[in-house]
Amino acid sequence: MSDAVPVLTIDGPSGSGKGTVARLVAERLGWHLLDSGALYRLVAYAARERSIAWDDEPANAAIAAHLDVRFSADSLGNEQIWLEGREVSVHIRSEAIGAGASQVAAIPPVRAALLARQRAFAEPPGLVADGRDMGTVIFPGAALKIYLTASAEERAQRRYKQLKDKGLGANLAALSQEIAERDRRDASRPIAPLRPADDAQVIDSTSMSIDAVVARVLELAAQRFPAKQRL
Ligand code: DC
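Following my numbering, the numbering of the sequence shown begins with 20 at its first residue and continues without gaps.
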């Protein structure tokens, strides 16, 4: 990673909209995108395929250390995520894998194994990095850090709609519970807990549209990176 590469981090809890916002902001800026949650989801998915429990620390750490993953996009620009040559984008988005990701993400050697891989995404002309610890641990020197949040009810509603739109099964009450459990686990773990960086700009998107959040982030980016923007 070069310090000269501008980095914009977007952290926040599950369902805050950060994935969508990060993708749209990266597109508008013409920058690379790091979806760090996908890496933890891939570890959880690979573990489940191999019948490895999500609390088996050495086995999950070994998976993370040898993760054979590739990110690409189809002709329509839809994300494609490849694990060992197989396209798994839809499979890793289920709530079950999200819960597994949150468990394997609490294992310190899993996080350590993914550190360099995440930093390597910082390539010119710039990077938008989405996750839980982008601004606090992975890119502490990022010039612009956003912490995107929303009320737990609103996040459960959004997740419900997102899963339905993808044709995946969803139950709103169960989702609310899972989100609360995931928030608790992600925020209370000793290593790289979910929290805003001290220098993060907090945006509460509870009553904001995605477009309004994107516009706000782009406005902040224009102030921080005046010469770097494509648009
Ligand atoms: O953003 P997501 O829902 O795809 O993330 C799935 C899980 O991965 C999340 O519950 C916690 C973990 N995660 C993490 O610990 N650190 C990150 N930078 C990104 C995700």
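Using N, Cα and C, we set each Cβ at its ideal position, and we do this for glycine too.
Sub-7 Å separation of residue i and residue j beta-carbons
| i | j | result |
| --- | --- | --- |
| Ser-55 | Gln-176 | no |
| Val-44 | Val-221 | no |
| Val-129 | Ala-81 | no |
| Lys-164 | Asp-93 | no |
| Ile-126 | Arg-60 | no |
| Gly-145 | Thr-28 | no |
| Glu-46 | Glu-114 | no |
| Thr-168 | Asp-230 | no |
| Ala-132 | Ala-211 | no |
| Val-233 | Val-40 | yes |
| Leu-52 | Val-147 | yes |
| Leu-213 | Arg-151 | yes |
| Arg-243 | Ala-162 | yes |
Same chain only: Cβ atoms within 7 Å of residue i, ignoring 5 sequence neighbours per side
| i | result |
| --- | --- |
| Glu-173 | Thr-225 |
| Ser-121 | Arg-201, Arg-204, Asp-205 |
| Ala-123 | Sequence inspection shows Val at residue 123; the Ala mentioned does not correspond to that position. The residues are Tyr-59, Val-62, Ala-63, Ala-66, Trp-73, Asn-79, Val-129. |
| Ala-57 | Ile-100, Ile-111 |
| Arg-89 | Trp-101 |
| Ser-108 | Glu-98, Gln-99, Ile-100 |
| Arg-42 | Leu-52 |
Close-in-space but distant-in-sequence residues of the same chain around residue i (CB under 8 Å, 5 per side omitted)
| i | result |
| --- | --- |
| Glu-106 | Gln-99, Ile-100 |
| Lys-185 | Val-109, Arg-112 |
beta-carbon residue i near the ligand DC non-hydrogen atom, thresh 6 Å
| i | result |
| --- | --- |
| Arg-89 | no |
| Asp-93 | no |
| Ser-55 | yes |
| Gly-31 | no |
| Asp-74 | no |
| Ser-121 | yes |
| Gly-117 | yes |
| Val-152 | Here the sequence assigns Asp to residue 152, which means Val is not the residue at that position. Yes - the ligand DC has a heavy atom lying nearer than 6 Å to the Cβ of Asp-152. |
| Tyr-179 | no |
| Asp-205 | yes |
| Tyr-166 | no |
| Arg-201 | yes |
| Tyr-59 | yes |
6 Å CB neighbourhood of residue i in its chain, flanking five on each side removed
| i | result |
| --- | --- |
| Gln-191 | Before going further, note that residue 191 is Leu rather than Gln in the sequence given. Cβ neighbours of Leu-191 beyond the five flanking positions: Tyr-179. |
| Leu-182 | Ala-189 |
| Lys-37 | Ile-29, Gly-31, Asp-149, Leu-167 |
| Glu-2 | Lying before the first or after the last residue shown, residue 2 is absent from the chain, which here runs from 20 to 250. |
| Ile-71 | Ala-78 |
Whole-number beta carbon distance between residue j and residue i, since they are thought to touch under 8 Å
| i | j | result |
| --- | --- | --- |
| Gly-119 | Ser-33 | Not really, about 13 Å apart at Cβ, beyond 8 Å. |
| Leu-95 | Ala-240 | With 8 Å as the limit, Leu-95 and Ala-240 do not qualify as a contact, their Cβ atoms being about 25 Å apart. |
| Val-157 | Leu-134 | It should be pointed out that residue 157 corresponds to Ile in this sequence rather than to Val. Correct: roughly 7 Å between the Cβ atoms. |
Residue i Cβ short of 6 Å to the ligand HEM heavy atom set
| i | result |
| --- | --- |
| Ala-124 | The ligand HEM is not part of the structure shown, which contains the ligand DC as its ligands. |
Hey, which unbroken runs of the alpha helix (DSSP H) at 4 residues or more fall wholly within the region 34-107?
37-48, 55-68, 76-84
Entirely enclosed alpha helix (DSSP H) segments - the region 153-238, minimum 4 residues
171-184, 191-207
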